[in-house]
Every structure is written in C-alpha cells, then in structure tokens.
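S.K.: Everything in the sequence shown is counted per the numbering used here, starting at 1 for the first residue and increasing by one.
Dropping the structure in here first, questions after.
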Amino acid sequence: MDYDNFHREMPQPLGRWNGRDVEGVDQLREVSGQQKHGLSAASKFVDPATGDFRLRPDSPMINKGAIIPGINDRGPFRYH
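Set out below in structure tokens:
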C-alpha cells in the first residue's frame, strides 16, 4: 500500500490496523510501515455531485500517483 490519499471530512478514525484505531496517514505509516508516499489532503474534484471526478488545477493530488504497469502506463489497454 502506497501513494494513496487517506482523507476524511468526518471526525471518526481513518480506520483500524491490527485492532488499533488509526487517526491519519502519519499514524498508519507509523503502525504499519506502509504508505511511505501516502497523503491526506482534500482531493478537490471538479464536481463529484455530478460524477465529475477530474482533479481541479489546484488539487494537491496532481502528479502524486504511481505508474502501475498494465493499468495506467499507457500500455495496450486504455480506459477512454
């Protein structure tokens, strides 16, 4: 697990790891040793209410992903 955006607008814990509540990506990194490049920031989608999940130009998520061979490497299969 890495290069994910763990962000919540709600006050509940982010999740659980080995029975322990995890409050944010820094704590997840500490307890799991994962998410070295993980972030916690509002993604700033264009208009999620209408299904437009493109990132706005001011999004902190731009250029934060990872190349996954066969998925987003512009290989022979592409989503359009």
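Every residue gets a Cβ at the ideal spot worked out from N, C-alpha and C, and that includes glycine.
Would you kindly check if the distance between the Cβ of G24 and the Cβ of S40 is under 7 Å?
M.R.: Translated into positions along the sequence shown, residue 40 becomes position 40. Translated into positions along the sequence shown, residue 24 becomes position 24. Yes; because the gap between Cβ atoms is below 7 Å, this pair is in contact.
S.K.: What does DSSP give as the partner residues of V22 in its beta bridges?
M.R.: Indexing the sequence shown from 1 puts residue 22 at position 22. Bridge partners of V22: G15.
S.K.: Taking a contact to mean a Cβ-Cβ separation below 7 Å, would you say M1 touches Q34 in this structure?
M.R.: As a working note, residue 1 is residue 1 in the sequence shown. As a working note, residue 34 is residue 34 in the sequence shown. In this structure, Q34 lies closer than 7 Å to M1 by Cβ.
S.K.: Give me, in chain order, the residues of the same chain whose beta-carbon lies closer than 8 Å to that of L55; leave out the 5 immediate sequence neighbours on both sides.
M.R.: Counting from one through the sequence shown, the residue named residue 55 turns up at place 55. Around L55: S43, K44, F45, V46, M61, I62.
S.K.: Can you have a look at F6 and say buried or exposed, based on whether 16 or more other CB atoms are within 10 angstroms of its CB?
M.R.: What you label residue 6 is simply residue 6 of the sequence shown in a count that begins at 1. Buried, by the Cβ-count rule.
S.K.: Under three-state DSSP, which class holds R29?
M.R.: Start at 1 with the first residue of the sequence shown, and residue 29 comes out as number 29. Residue state, collapsed to three classes: helix.
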